[in-house]
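Numbering (UniProt numbering), first residue to last: 1 to 342.
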């Protein structure tokens, strides 16, 4: 009986200790943003020795570790993870993730001495609900990167990733077994590096675009040959290409063409436009429906000045109409006057 009481007391003490020291949190972050996973080590008793061991893991994979003053990174996090401050000095063990991708989602654990959990943080990575279609408007001869992101397990070998880009519903480029195959005589096409693709970055680069590159581009992928095909984010990219003599205007894009292509994909008409100068997006309200999309415009003019051509002021037209009406009234008045004399 004494033995059972001792075991029960030790179990209660252990549970109380865990409840006191284990910190938990749930966070949400938008794709491509920066996030801080909080962890406070001030509850640890005593001074931190020089050989203390601190580790962050994500879904069982090492993110980074600090041991005896030596910082080491896991193979998938060395370029976008770091401590918020100096853990030895501040006892702030918070982890910072830069440029978060979809496959960064999951459970993160901060472990003391490699086995003792201090903090658990569940991270959810979200995509903007309003950006299912991106429209690009560029000048002929320029370059453009059509964005696409997906969720690939970090442990998945590069050769098991299957990726397809389609233009107007026809396969343009395919990546399979680590080999990229271009199936169209288009502009110079390229995909990101192997490491970026394994992170879920599937963007397609087109260099020196021409009028033939106009169209609707879609990105689909598999994490391996035997798994289901997934649609990338955004769902599609629409590319318009202008000759160098054409000015850039939000009104000049063919509304009929836009409607036809978007309806073919099941997209409603836009209610939000996005214009960009030097790659900085600026939202321009454009009331059309309740579902927003993303429209990105390259507004570099041929002379090198940034501009967005605006439609003529309506008061000019109103003034011309008023002048014509006044002249008409004057002529009619003169006719009536002379008829009265005669």
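Every residue, glycine too, gets a C-beta built ideally from N, C-alpha and C.
Quiz item: By the 10 Å Cβ neighbour count, where 16 or more other Cβ atoms means buried, how is residue 375 classified, buried or exposed?
Solution: Since the displayed the chain opens at 1 and closes at 342, residue 375 lies outside it and no answer follows.
Practice problem: Using the Cα positions of residue 223 and residue 153, report the straight-line distance between them to the nearest angstrom. | Solution: Within the model, the alpha-carbon separation for residue 223 versus residue 153 is close to 7 Å.
Quiz item: Which stretch, first to last residue, makes up the beta strand (DSSP E) that contains residue 28?
Solution: Counting along the chain, the beta strand (DSSP E) containing residue 28 begins and ends at 23 to 30.
Quiz prompt | CB contact flag (residue 31, residue 202, <9 Å) | solution = A distance of 9 Å or more separates the beta carbons of residue 31 and residue 202.
Quiz prompt | residue 51 versus residue 67 - alpha carbon distance | solution = Put simply, the backbone Cα of residue 51 is about 6 Å away from that of residue 67.
Self-check item: Simplified DSSP assignment, three categories, for residue 97
Solution: In the structure shown, residue 97 sits in a strand (DSSP, three-state: E or B).
Practice problem: Indicate the three-state DSSP secondary structure (helix, strand or coil) for residue 115 in the structure shown. | Solution: Coil.
Self-check item: Inter-residue CB distance, residue 205 and residue 190 (contact presumed, cutoff 8 Å)
Solution: The Cβ separation is near 5 Å, so the contact holds.
Self-check item: Integer Cβ distance of residue 239 from residue 217, believed to fall under 8 Å
Solution: Residue 239 to residue 217, Cβ: 6 Å. Contact.
Self-check item: Distance between beta carbons of residue 80 and residue 62, contact taken as under 8 Å
Solution: Their Cβ separation, rounded to whole angstroms, is 14 Å, which puts residue 62 and residue 80 out of contact at 8 Å.
Practice problem: Write down the C-beta distance between residue 28 and residue 126 rounded to the nearest angstrom, noting that I regard them as a contact closer than 8 Å. | Solution: At roughly 6 Å, the Cβ-Cβ gap stays under 8 Å, so residue 28 and residue 126 are in contact.
Quiz item: In this structure, does DSSP put residue 205 in helix, strand or coil?
Solution: Three-state result, residue 205: strand.
Quiz item: Which residues share a DSSP beta bridge with residue 331?
Solution: DSSP, once it has assigned bridges, lists no residue as partnering residue 331.
Quiz item: Among residues of its own chain, excluding the 5 on either side of residue 23, which ones have a beta-carbon nearer than 6 Å to its beta-carbon?
Solution: Cβ within range, chain order: 119.
Quiz item: Looking at the unbroken alpha helix (DSSP H) that takes in residue 51, where does it start and where does it end?
Solution: That residue, residue 51, is in no alpha helix (DSSP H); it is neither H nor E in DSSP.
Self-check item: Beta-carbon proximity check, residue 198 vs residue 156, cutoff 9 Å
Solution: Yes, Cβ-Cβ distance for residue 198 and residue 156 is below 9 Å.
Quiz item: Taking the alpha-carbon positions, what's the residue 94 to residue 231 distance?
Solution: Whole-angstrom Cα-Cα distance: 34 Å.
Quiz item: DSSP puts residue 42 in a beta bridge; with which residues?
Solution: According to DSSP, which records beta bridges pairwise, residue 42 is partnered with nothing at all.
Exercise. Output the distance between the C-alpha atoms of residue 138 and residue 58, rounded to the nearest integer angstrom.
Key: Take the alpha-carbon of residue 138 and the one of residue 58: they are about 40 Å apart.
Quiz item: Hey, out of 37, 132 and 243, whose CA is closest to residue 104's CA?
Solution: Just measuring C-alpha positions, the residue of 37, 132 and 243 sitting nearest residue 104 is 37.
Exercise. Return the first residue and the last residue of the beta strand (DSSP E) that residue 179 is part of.
Key: 179 to 182 is the extent of the beta strand (DSSP E) around residue 179.
Quiz item: Are the beta-carbon atoms belonging to residue 123 and residue 35 less than 9 Å from one another?
Solution: Taking the C-beta atoms as reference points, residue 35 is found nearer than 9 Å to residue 123.
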